[in-house]
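J.: One structure coming up, written as structure tokens, with questions to follow.
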Amino acid sequence: MRIKKLYPFKQLTLGACILMLALAGCSSIPAESPENLVGTQESGKASYYAMKYQFRTTASGERYNHFSSTAAHRTLPFGTKVRVTNIENNKSVVVKINDRGPFIEGRVIDLSRSAFDEIADLDLGVIEVDTEVIR
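The sequence shown begins at 76 in the working numbering and counts up one residue at a time.
Here you go:
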């Protein structure tokens with residue numbers, strides 16, 4: 076019986092496939108659809124994207140635009156609509172989740188520049204908010 080030897084590039088491809096499958100099983104993103112999450116609330120700090128991120132690709136594949144009402148959240152599915160309310164003045168804005176983050180402890184959401192500006196003075200930089208999934 077003759078054993079066929081795999082070429083190194085085929086071994087690499089097989090190893091890469093196994094690694095991708097293993098990592099996919101470790102995903103922390105919920106499998107739930109946004110409809111099942113309606114009413115989910117969270118409180119914490121919100122910040123906004125710096126100008127240097129304008130037109131960069133987000134985790135969802137969309138380009139970031141600071142004129143759009145979008146946001147980053149660690150776990151909510153892309154496309155989820157979230158009402159974000161500034162607890163100091165009760166102003167709110169509805170944003171669509173299209174990116175991952177924030178990656179700073181204590182922050183629950185990163186808003187686009189225009190979304191943040193609708194509910195607070197940009198000079199504040201970080202504000203306390205309540206969030207609620209609406210769809």
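We put the beta carbon where it would ideally sit given N, CA and C, even for glycine.
These numbers come from a predicted model, not from an experiment.
In chain order, which continuous runs of the beta strand (DSSP E) of length 3 or greater are located wholly inside the stretch 145-188?
T.: Fully enclosed beta strand (DSSP E) runs of 3 or longer: 145-147, 156-161, 167-174, 182-186.
J.: Could you give the DSSP three-state label for A190: helix, strand or coil?
T.: If you number the sequence shown from 1, residue 190 lands on position 115. A190: helix per DSSP, three-state reduction.
J.: Could you give the distance in angstroms between the alpha-carbon of Y124 and the alpha-carbon of D185?
T.: Here residue 124 refers to the residue found at position 49 when the sequence shown is read from its first residue. Here residue 185 refers to the residue found at position 110 when the sequence shown is read from its first residue. For Y124 and D185, the distance between alpha carbons rounds to 7 Å.
J.: Assign L227 to one of two classes, buried (16 or more other C-beta atoms within 10 Å of its C-beta) or exposed (fewer than that).
T.: Missing from the structure shown is residue 227; the chain here goes from 76 to 210 and no further.
J.: May I have the straight-line CA-CA distance separating I172 from L199, to the nearest angstrom?
T.: The count along the sequence shown starts at 1 and reaches residue 172 at position 97. The count along the sequence shown starts at 1 and reaches residue 199 at position 124. Cα to Cα, the separation comes out at about 22 Å.
J.: Buried or exposed: where does I202 fall if 16 or more other Cβ atoms within 10 Å of its Cβ makes it buried?
T.: Here residue 202 refers to the residue found at position 127 when the sequence shown is read from its first residue. Flag for I202 reads buried.
J.: Please state the DSSP three-state secondary structure of Y128.
T.: As a first step, residue 128 must be located in the sequence shown, where it is residue number 53. Of the three classes helix, strand and coil, the one that applies to Y128 here is helix, per DSSP.
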